[in-house]
Amino acid sequence: MSSAERGGGYSNHREREILEELRLSGGSSRVQFLAERLNVSEETIRRNIRVLEESGHVTKVHGGVHLKDFSSEQPLHFRMNESAEAKRVIAAEVSNLIQDGDTLFLDIGSTTAFIAVALQKHQNLFIVTNSISVAHTLATKNGNRVFLAGGPLRPHDGGAFGNEAVSFIRRFNVKHAILSIAAINERGFMLQDMEEAEFSREAARIAENRIIVADGEKFGRSAPITVDMPDLLVTDTAPPDDVKAMLEANGIELIIAGSREQT
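Spelled out as C-alpha coordinates, the structure:
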(Lines of atoms letter the chains of each structure in order from A and count residues from 1; the text may use other names and numbers.)
(Lines give C-alpha, C1' and ligand atoms only; values in the text may rest on other atoms or scores of the structure.)
Protein backbone atom coordinates (compact mmCIF):
# COMPACT_ATOMS: atom_id res chain seq x y z
CA MET A 1 0.00 0.00 0.00
CA SER A 2 1.38 3.44 -0.93
CA SER A 3 1.84 6.21 1.59
CA ALA A 4 -0.93 8.13 -0.18
CA GLU A 5 -3.34 5.25 0.34
CA ARG A 6 -2.37 4.91 4.00
CA GLY A 7 -3.00 8.61 4.49
CA GLY A 8 -6.53 8.55 3.12
CA GLY A 9 -5.54 9.68 -0.38
CA TYR A 10 -2.47 11.88 0.24
CA SER A 11 0.46 11.17 2.53
CA ASN A 12 0.97 14.77 3.62
CA HIS A 13 -0.10 18.36 3.32
CA ARG A 14 2.40 19.07 0.55
CA GLU A 15 0.79 16.54 -1.78
CA ARG A 16 -2.54 18.28 -1.30
CA GLU A 17 -0.80 21.58 -2.08
CA ILE A 18 0.71 20.13 -5.26
CA LEU A 19 -2.71 18.93 -6.45
CA GLU A 20 -4.21 22.32 -5.71
CA GLU A 21 -1.43 24.11 -7.63
CA LEU A 22 -1.98 21.77 -10.58
CA ARG A 23 -5.71 22.54 -10.62
CA LEU A 24 -5.04 26.28 -10.43
CA SER A 25 -2.51 26.09 -13.29
CA GLY A 26 -4.85 24.28 -15.65
CA GLY A 27 -3.95 20.67 -14.91
CA SER A 28 -0.23 20.70 -15.70
CA SER A 29 2.91 22.29 -14.31
CA ARG A 30 6.68 22.04 -14.40
CA VAL A 31 8.54 20.69 -11.38
CA GLN A 32 10.59 23.90 -11.12
CA PHE A 33 7.44 26.03 -10.92
CA LEU A 34 5.94 23.83 -8.18
CA ALA A 35 9.16 23.96 -6.18
CA GLU A 36 9.23 27.76 -6.37
CA ARG A 37 5.56 28.07 -5.47
CA LEU A 38 5.81 25.77 -2.45
CA ASN A 39 9.30 26.94 -1.41
CA VAL A 40 10.86 23.47 -1.41
CA SER A 41 13.50 21.71 -3.48
CA GLU A 42 12.75 20.15 -6.86
CA GLU A 43 13.80 16.76 -5.46
CA THR A 44 11.17 17.10 -2.72
CA ILE A 45 8.53 17.83 -5.36
CA ARG A 46 9.66 14.80 -7.37
CA ARG A 47 9.32 12.54 -4.29
CA ASN A 48 5.79 13.80 -3.69
CA ILE A 49 4.94 13.37 -7.36
CA ARG A 50 6.08 9.74 -7.23
CA VAL A 51 3.66 9.10 -4.37
CA LEU A 52 0.83 10.87 -6.17
CA GLU A 53 1.54 8.86 -9.32
CA GLU A 54 1.44 5.60 -7.35
CA SER A 55 -1.98 6.55 -6.02
CA GLY A 56 -3.25 7.36 -9.51
CA HIS A 57 -3.70 11.12 -9.08
CA VAL A 58 -1.06 12.36 -11.55
CA THR A 59 1.04 11.34 -14.53
CA LYS A 60 4.71 12.31 -14.79
CA VAL A 61 5.80 13.92 -18.05
CA HIS A 62 9.22 15.19 -19.06
CA GLY A 63 10.11 17.98 -16.65
CA GLY A 64 6.68 18.15 -15.10
CA VAL A 65 3.44 16.54 -14.03
CA HIS A 66 -0.13 16.33 -15.29
CA LEU A 67 -3.35 15.74 -13.35
CA LYS A 68 -5.08 12.56 -14.46
CA ASP A 69 -8.62 12.88 -15.85
CA PHE A 70 -8.34 16.67 -15.78
CA SER A 71 -9.73 18.78 -18.58
CA SER A 72 -9.89 22.56 -18.32
CA GLU A 73 -11.51 22.70 -21.73
CA GLN A 74 -15.00 21.85 -22.85
CA PRO A 75 -15.50 19.03 -25.36
CA LEU A 76 -14.67 19.97 -28.95
CA HIS A 77 -18.28 20.01 -30.13
CA PHE A 78 -19.10 22.64 -27.46
CA ARG A 79 -16.09 24.79 -28.37
CA MET A 80 -17.12 24.68 -32.04
CA ASN A 81 -20.17 26.75 -31.03
CA GLU A 82 -18.14 29.40 -29.20
CA SER A 83 -17.31 32.44 -31.38
CA ALA A 84 -18.32 30.31 -34.35
CA GLU A 85 -18.63 33.18 -36.81
CA ALA A 86 -15.22 34.56 -35.86
CA LYS A 87 -13.70 31.11 -36.41
CA ARG A 88 -15.35 30.83 -39.83
CA VAL A 89 -13.89 34.19 -40.85
CA ILE A 90 -10.43 33.13 -39.66
CA ALA A 91 -10.77 29.81 -41.45
CA ALA A 92 -11.66 31.51 -44.73
CA GLU A 93 -8.62 33.79 -44.41
CA VAL A 94 -6.26 30.90 -43.68
CA SER A 95 -7.66 28.85 -46.57
CA ASN A 96 -6.58 31.67 -48.90
CA LEU A 97 -3.00 31.25 -47.66
CA ILE A 98 -2.96 27.55 -48.60
CA GLN A 99 -2.30 26.49 -52.18
CA ASP A 100 -3.31 23.24 -53.86
CA GLY A 101 -0.59 20.66 -53.22
CA ASP A 102 0.70 22.32 -50.04
CA THR A 103 2.01 20.33 -47.08
CA LEU A 104 0.63 21.32 -43.71
CA PHE A 105 0.05 20.34 -40.10
CA LEU A 106 -3.31 21.02 -38.44
CA ASP A 107 -3.78 20.55 -34.69
CA ILE A 108 -6.75 19.64 -32.53
CA GLY A 109 -8.29 23.09 -31.89
CA SER A 110 -11.83 24.11 -32.72
CA THR A 111 -10.57 26.88 -35.04
CA THR A 112 -8.46 24.39 -36.96
CA ALA A 113 -11.57 22.21 -37.30
CA PHE A 114 -13.21 25.15 -39.09
CA ILE A 115 -10.08 25.54 -41.23
CA ALA A 116 -10.31 21.89 -42.28
CA VAL A 117 -13.86 22.54 -43.50
CA ALA A 118 -12.68 25.65 -45.38
CA LEU A 119 -10.01 23.55 -47.13
CA GLN A 120 -12.42 20.97 -48.51
CA LYS A 121 -12.25 22.40 -52.04
CA HIS A 122 -8.45 22.38 -52.11
CA GLN A 123 -6.74 19.57 -53.97
CA ASN A 124 -3.75 17.29 -53.41
CA LEU A 125 -3.02 18.52 -49.92
CA PHE A 126 -0.47 16.64 -47.79
CA ILE A 127 -1.88 16.87 -44.25
CA VAL A 128 -0.36 15.78 -40.94
CA THR A 129 -2.65 16.00 -37.91
CA ASN A 130 -3.34 14.65 -34.45
CA SER A 131 -7.06 15.41 -34.80
CA ILE A 132 -9.66 12.81 -35.72
CA SER A 133 -11.98 15.67 -36.74
CA VAL A 134 -9.44 17.11 -39.20
CA ALA A 135 -8.62 13.68 -40.62
CA HIS A 136 -12.31 12.84 -41.10
CA THR A 137 -12.97 16.16 -42.83
CA LEU A 138 -10.11 16.04 -45.32
CA ALA A 139 -9.24 12.36 -45.90
CA THR A 140 -10.30 10.66 -49.17
CA LYS A 141 -11.12 14.02 -50.81
CA ASN A 142 -9.62 15.67 -53.90
CA GLY A 143 -6.44 13.60 -53.92
CA ASN A 144 -5.47 14.59 -50.37
CA ARG A 145 -3.03 12.49 -48.38
CA VAL A 146 -3.78 12.55 -44.66
CA PHE A 147 -1.43 11.22 -41.96
CA LEU A 148 -2.96 10.83 -38.49
CA ALA A 149 -0.76 10.59 -35.39
CA GLY A 150 -1.34 7.54 -33.24
CA GLY A 151 -1.48 7.03 -29.51
CA PRO A 152 -4.18 7.39 -26.84
CA LEU A 153 -6.98 9.79 -27.78
CA ARG A 154 -8.19 12.43 -25.32
CA PRO A 155 -11.85 11.84 -24.48
CA HIS A 156 -12.95 15.47 -24.74
CA ASP A 157 -11.58 16.25 -28.22
CA GLY A 158 -10.27 13.07 -29.89
CA GLY A 159 -6.71 14.39 -30.03
CA ALA A 160 -3.62 12.17 -29.99
CA PHE A 161 -0.78 13.25 -27.71
CA GLY A 162 2.16 11.70 -25.91
CA ASN A 163 5.45 10.16 -27.01
CA GLU A 164 4.00 8.07 -29.82
CA ALA A 165 2.31 11.09 -31.42
CA VAL A 166 5.44 13.24 -31.05
CA SER A 167 7.65 10.56 -32.59
CA PHE A 168 5.23 10.28 -35.50
CA ILE A 169 5.21 13.95 -36.49
CA ARG A 170 9.02 14.21 -36.26
CA ARG A 171 9.15 12.19 -39.49
CA PHE A 172 7.63 15.01 -41.51
CA ASN A 173 8.63 18.36 -42.96
CA VAL A 174 5.71 20.62 -43.88
CA LYS A 175 5.32 24.10 -45.32
CA HIS A 176 2.70 25.33 -42.82
CA ALA A 177 1.94 24.39 -39.21
CA ILE A 178 -1.48 25.74 -38.22
CA LEU A 179 -1.70 25.85 -34.43
CA SER A 180 -4.32 26.71 -31.83
CA ILE A 181 -3.76 28.58 -28.60
CA ALA A 182 -5.56 29.12 -25.30
CA ALA A 183 -4.28 32.58 -24.38
CA ILE A 184 -2.40 35.56 -25.81
CA ASN A 185 -1.08 38.46 -23.77
CA GLU A 186 1.93 40.76 -23.62
CA ARG A 187 4.14 37.82 -22.56
CA GLY A 188 3.33 35.67 -25.59
CA PHE A 189 1.26 32.61 -26.50
CA MET A 190 0.10 30.01 -23.99
CA LEU A 191 -1.71 26.70 -23.59
CA GLN A 192 -3.32 25.00 -20.61
CA ASP A 193 -1.97 21.48 -21.08
CA MET A 194 1.71 20.50 -20.89
CA GLU A 195 1.48 17.55 -23.31
CA GLU A 196 -0.39 19.72 -25.79
CA ALA A 197 2.24 22.47 -25.47
CA GLU A 198 5.12 20.07 -26.03
CA PHE A 199 3.34 18.58 -29.04
CA SER A 200 2.73 22.09 -30.41
CA ARG A 201 6.45 22.89 -30.11
CA GLU A 202 7.34 19.76 -32.08
CA ALA A 203 4.76 20.60 -34.75
CA ALA A 204 6.25 24.08 -35.04
CA ARG A 205 9.73 22.61 -35.51
CA ILE A 206 8.71 20.55 -38.56
CA ALA A 207 7.26 23.57 -40.38
CA GLU A 208 8.74 26.34 -42.52
CA ASN A 209 5.89 28.70 -41.62
CA ARG A 210 4.20 28.65 -38.20
CA ILE A 211 0.69 30.10 -38.08
CA ILE A 212 -1.26 30.60 -34.87
CA VAL A 213 -5.01 31.03 -35.29
CA ALA A 214 -7.04 32.60 -32.50
CA ASP A 215 -10.25 34.60 -32.17
CA GLY A 216 -10.27 37.85 -30.23
CA GLU A 217 -11.55 36.16 -27.06
CA LYS A 218 -8.04 34.80 -26.49
CA PHE A 219 -6.51 38.27 -26.08
CA GLY A 220 -5.74 39.24 -22.49
CA ARG A 221 -6.13 35.71 -21.18
CA SER A 222 -3.39 33.82 -19.36
CA ALA A 223 -2.43 30.14 -19.22
CA PRO A 224 0.43 28.38 -17.42
CA ILE A 225 2.52 27.03 -20.30
CA THR A 226 4.19 29.13 -22.99
CA VAL A 227 4.82 27.94 -26.53
CA ASP A 228 7.23 29.10 -29.22
CA MET A 229 6.64 32.32 -31.08
CA PRO A 230 4.99 31.87 -34.50
CA ASP A 231 5.71 33.59 -37.79
CA LEU A 232 2.11 34.70 -38.28
CA LEU A 233 -1.00 35.33 -36.19
CA VAL A 234 -4.39 35.21 -37.91
CA THR A 235 -7.24 36.60 -35.83
CA ASP A 236 -10.62 38.26 -36.35
CA THR A 237 -10.10 41.49 -34.43
CA ALA A 238 -7.35 44.00 -33.76
CA PRO A 239 -5.28 42.99 -30.72
CA PRO A 240 -4.88 45.31 -27.72
CA ASP A 241 -1.86 47.58 -27.70
CA ASP A 242 0.25 45.43 -25.38
CA VAL A 243 -0.28 42.34 -27.56
CA LYS A 244 0.41 44.35 -30.70
CA ALA A 245 3.68 45.55 -29.16
CA MET A 246 4.62 41.95 -28.33
CA LEU A 247 3.96 40.90 -31.93
CA GLU A 248 6.06 43.75 -33.31
CA ALA A 249 8.92 43.08 -30.87
CA ASN A 250 9.09 39.46 -32.04
CA GLY A 251 8.67 40.16 -35.76
CA ILE A 252 5.34 38.31 -35.92
CA GLU A 253 3.16 39.12 -38.91
CA LEU A 254 -0.48 39.91 -38.12
CA ILE A 255 -3.47 39.30 -40.37
CA ILE A 256 -6.90 40.44 -39.24
CA ALA A 257 -9.33 38.21 -41.10
CA GLY A 258 -12.08 39.92 -43.05
CA SER A 259 -10.16 43.17 -43.27
CA ARG A 260 -7.29 44.49 -45.37
CA GLU A 261 -5.10 45.03 -42.31
CA GLN A 262 -1.81 43.19 -42.38
CA THR A 263 1.36 44.09 -40.49
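Note that the sequence shown covers residues 903 to 1165 in the numbering used here.
For glycine and all other residues, C-beta sits at the position ideal for the given N, C-alpha and C.
Please read all numbers here as calculations on a predicted model, not as lab measurements.
Asked                                                                                                                   : Found
Beta-carbon proximity check, Gly1064 vs Glu1097, cutoff 8 Å                                                             : yes
Val960 - partner residues in DSSP beta bridges                                                                          : Leu969
Cα-Cα separation, Val963 to Lys970                                                                                      : 12 Å
The segment 1103-1122 / the segment 1065-1081 touching (three or more Cβ pairs under 8 Å)                               : yes
Arg1089 in three-state terms, based on DSSP                                                                             : coil
Presumed contact (8 Å Cβ cut-off) between Leu1008 and Ser1033, rounded CB distance                                      : 6 Å
Simplified DSSP state of Arg932, which is helix, strand or coil                                                         : strand
Residues of its chain near Gln976, where Cβ-Cβ distance is below 6 Å and the 5 sequence neighbours each way are ignored : Any reading at Gln976 is ruled out, since the residue's pLDDT is 47, under 50, leaving its predicted position unreliable.
For Ala1109, the three-state DSSP class (helix, strand or coil)                                                         : strand
Exposure label - Ser943; buried when at least 16 CB within 10 Å                                                         : exposed
Contiguous alpha helix (DSSP H) assignments of at least 4 residues, all confined to the segment 1012-1040               : 1012-1020, 1034-1040
Where Thr1128 sits in the DSSP three-state scheme                                                                       : strand
Assigned secondary structure, Val942 (DSSP; H/G/I helix, E/B strand, else coil)                                         : coil
CB of Leu1093 within 8 Å of CB of Val1136, strictly                                                                     : no
Cβ pair Ala1159, Val991 closer than 8 Å                                                                                 : yes
Integer-rounded CB distance, given that Asp1095 should sit under 8 Å from Asp1117                                       : Asp1117 to Asp1095, Cβ: 19 Å. No contact.
Counted within 10 angstroms of its Cβ, other Cβ atoms place Glu1100 as buried (16 or more) or exposed                   : buried
Cβ neighbour criterion (16 or more within 10 Å) applied to Arg981                                                       : Since pLDDT at Arg981 reaches only 48, below the 50 mark, its modelled position is unreliable, and the value read off the structure follows with that caveat. By the 10 Å Cβ count, Arg981 comes out buried.
Inter-residue Cα distance where the pair is Gly1045 and Thr1005                                                         : 13 Å
Nonlocal neighbours in the same chain, by C-beta distance under 8 Å from Ala937, ignoring five residues either side     : Ser943, Glu944, Thr946, Ile947
is_contact[Thr1137, chain B] using C-beta, thresh 8 Å                                                                   : Reference to chain B is not applicable here, since this structure consists of a single protein chain.
Distance between Ala1140 and Ala1085 (C-alpha atoms, nearest Å)                                                         : 15 Å
Where Thr1042 falls, given that 16 or more other Cβ within 10 Å makes a residue buried                                  : exposed
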